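The structure appears right after this line, and notes come after that.
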DNA sequence: TCCCTTACTGGCCGTTCGGTCAATAAGGGA
DNA sequence: TCCCTTATTGACCGAACGGCCAGTAAGGGA
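Residue numbers (the numbering used here), protein chains in the order written: chain A, 1 to 228; chain B, 1001 to 1228.
Written out as structure tokens, the structure is:
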């Protein structure tokens, strides 16, 4: 068969010979390239050849690192993107000193901040939404590692406020509350990804209204509002 | 060139000769087929041949009706799916008699109801999210015809309640409020599309918590809550 | 210094898919 | 009845893409 491989040295001078790296060094390069490519073109639109090219690597190598092919690579890229942000939020809750109202405010504020600051990675969140139903494994991952964790963090914040008496006690009886509290922040991020910074709803305004609404709704009922 | 076309009559008997329909009749058939295909496979995954097959039509005909090709067809399919629901909501607001609290409750309730009842069409909403940034025209459409309209409906509901004194007057000064009120319902739908009915957050519970939270947050401040 | 493991290469294959086009027939108007 | 407009067909094209694999070199251990 036609002798493959090895043109390698291009251009003016032996610019670089074949680069051999330890997997621990090569892997992040490939992952970063994959994040870029997937973020820009979506799952189906992304090309393995393009990922390889961004990583400065031959296409075949991708199948060396990700035997599962494209799907495998996609999952890995998504995984590494979401976890750190949830870790930060969990740390914030765990170590907080001070009024619980302030804690909740800070939690929501950093949530909005994280989504405003790194568009590239946030696009991956949008990608999860887009592709979840075609990747059972990805839906599992999201359900278990993202939504459940985020929910639990919010729930912990609410419970903490209830214990100090800052939030109304019967909030625990509303199983849907945590998701309702969570949703605007995520949706704000999604709108931003869809429409761009200019046409999307203003994240700052949403954040303020969001905090205000949540705190009002959680305030202990000094006078009973006719609840029905 | 090899004489194309015309095998047509298949199987046992002249099952059907070439069907010629008025565009006004053919168009909805194609649109319905496209909605199905796009909903099931996503934009990139959908095939023009598959759409044609679902519509009982040859692939070439699609390009007769949608000269812009796949993108054109996609936009048209999405268009016809979203408008009716917003119309219903607008009608609800316009014609409502009774307390504004009840009106808002009904608005939110029908919102959740619509999203629970027709999974197929709702998937298209998820598709808008997924594809908006690769279709400027689609993002325009969403921004103008969906988000803006929905926002306006919620805003009208809030204003109505403020006028009667049922809602606190200073809610109008919170530009982000409408989006925050809107977001949980949309997000609930998205979660449902992503994760399936079983793993997604319970829509009924979200609806109740959502209504309760919004009404609490909109209640006129009998006693001032320290707002900061 | 040698040698063996393995990171790495890139051409090739089969397939899929969007889009085109020349040919064809349906059916309404003259 | 004829004819002309146009709805309809399906074979065909070329490009893109995912995946494979036979072959190549880097570099650490013996």
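A virtual CB, placed ideally from N, CA and C, is assigned to each residue, including glycine. What you are looking at is a predicted structure, and each value in this text was computed from that prediction instead of being measured.
Original post:
Who are the neighbours of residue 143/A on chain B, taking C-beta pairs under 7 Å?
Top reply: 1195 and 1199
**OP:** Could you run through the segment 1174-1191 of chain B and flag, in chain order, every residue whose CB is less than 9 Å away from some CB of chain A?
**Re:** 1174, 1175, 1176, 1177, 1178, 1179, 1180, 1181, 1182, 1183, 1184, 1185, 1186, 1187, 1188, 1190 and 1191
Subject >> Cβ of residue 1115/B within 8 Å of any chain A Cβ >> reply: no
Original post:
Measuring CA to CA, which of 1149/B, 1134/B, 1182/B and 1192/B is closest to residue 40/A?
Top reply: 1134/B
Original post:
Excluding the five sequence neighbours on either side, which residues of its own chain have a C-beta within less than 7 Å of the C-beta of residue 1069/B, listed in chain order?
Top reply: 1063
**OP:** Classify residue 155/A as helix, strand or coil using the three-state DSSP reduction.
**Re:** helix
Original post:
What do you get for residue 1020/B, buried or exposed, if any count of 16 or more other CB atoms within 10 angstroms of its CB means buried?
Top reply: exposed
Original post:
By Cβ distance, which residues of its chain are closer than 8 Å to residue 1194/B, with the 5 residues on each side in sequence left out?
Top reply: 1126 and 1200
**OP:** Using beta-carbon positions only, say whether residue 186/A and residue 105/A come within less than 8 Å of one another.
**Re:** no
Original post:
Considering only residues of the same chain and omitting the five flanking positions on each side of residue 1122/B, which have a CB-CB separation below 7 Å?
Top reply: 1115, 1189 and 1193
Subject >> Three-state secondary structure (DSSP) of residue 1164/B >> reply: coil
Original post:
Roughly how far, in whole angstroms, is the beta-carbon of residue 180/A from the beta-carbon of residue 82/A, given that I think they are within contact range, below 8 Å?
Top reply: Their Cβ separation, rounded to whole angstroms, is 21 Å, which puts residue 180/A and residue 82/A out of contact at 8 Å.
Original post:
Are residue 160/A and residue 101/A close, meaning C-beta to C-beta below 8 Å?
Top reply: no
Subject >> Where residue 98/A meets chain B, residues with beta-carbon distance less than 7 Å >> reply: Under the 7 Å cutoff, chain B gives no residues; its nearest Cβ is about 14 Å from residue 98/A.
Original post:
For residue 31/A versus residue 77/A, is the C-beta distance shorter than 8 Å?
Top reply: yes
Original post:
Thinking C-alpha only, which one of 1202/B, 1184/B, 1120/B and 1221/B is nearest residue 1168/B?
Top reply: 1221/B
**OP:** Step through the CB atoms of chain B and report whether any lies within less than 8 Å of the CB of residue 85/A.
**Re:** no
**OP:** Could you check the C-alpha separation between residue 124/A and residue 35/A for me, to the nearest Å?
**Re:** 8 Å
Subject >> Residue range of the alpha helix (DSSP H) that includes residue 1057/B >> reply: Element bounds for residue 1057/B: n/a, residue is neither H nor E.
Subject >> Element boundaries [alpha helix (DSSP H), containing residue 1112/B] >> reply: 1100-1117
Original post:
Taking residue 1118/B as the reference, which of 1093/B, 1137/B, 1049/B and 1197/B has the closest Cα?
Top reply: 1197/B
Original post:
How many angstroms separate the CA atom of residue 1050/B from the CA atom of residue 71/A?
Top reply: 23 Å
Original post:
For residue 1095/B, does the three-state DSSP call read helix, strand or coil?
Top reply: coil
Original post:
residue 1021/B by DSSP, collapsed to three states: which one?
Top reply: coil
**OP:** Could you tell me whether the Cβ of residue 1042/B comes closer than 8 Å to any Cβ of chain A?
**Re:** yes
Original post:
residue 1158/B to residue 97/A, Cα distance in whole Å?
Top reply: 37 Å
Original post:
So, helix, strand or coil for residue 215/A, using DSSP?
Top reply: helix
**OP:** Within the segment 1171-1212 of chain B, note down every full alpha helix (DSSP H) run reaching 4 residues or more, in order along the chain.
**Re:** 1177-1199
Subject >> DSSP-derived helix/strand/coil call for residue 7/A >> reply: Because residue 7/A carries a pLDDT of 43, less than 50, the predicted location of this residue cannot be relied on, and the following value inherits that uncertainty. It is coil, neither helix nor strand.
Subject >> Members of the segment 104-137 of chain A near chain B, C-beta cut-off 9 Å >> reply: 123, 126, 127, 128, 129, 130, 131, 132, 133 and 134
**OP:** Just the C-alpha distance for residue 149/A and residue 162/A, rounded to the nearest angstrom, thanks.
**Re:** 20 Å
Subject >> For residue 85/A, the nearest candidate out of 131/A, 108/A, 75/A and 42/A (CA to CA) >> reply: 108/A
**OP:** Identify the continuous alpha helix (DSSP H) that holds residue 1169/B and give its terminal residues.
**Re:** Taken as a continuous stretch (DSSP letters only), residue 1169/B belongs to no alpha helix (DSSP H), as it is neither H nor E.
Original post:
Under a CB-based cut-off of 8 Å, is residue 1225/B close to chain A?
Top reply: Only weak support is given to the placement of residue 1225/B: the predicted model assigns it a pLDDT of 46, under 50, and the value that follows is read from those uncertain coordinates. Answer yes: the Cβ-Cβ gap between residue 1225/B and chain A drops below 8 Å somewhere.
Original post:
How about residue 10/A: is its C-beta nearer than 8 Å to some C-beta of chain B?
Top reply: Annotation note: pLDDT 39 at residue 10/A (below 50); position unreliable, coordinate value reported separately. So no, residue 10/A is outside the interface.
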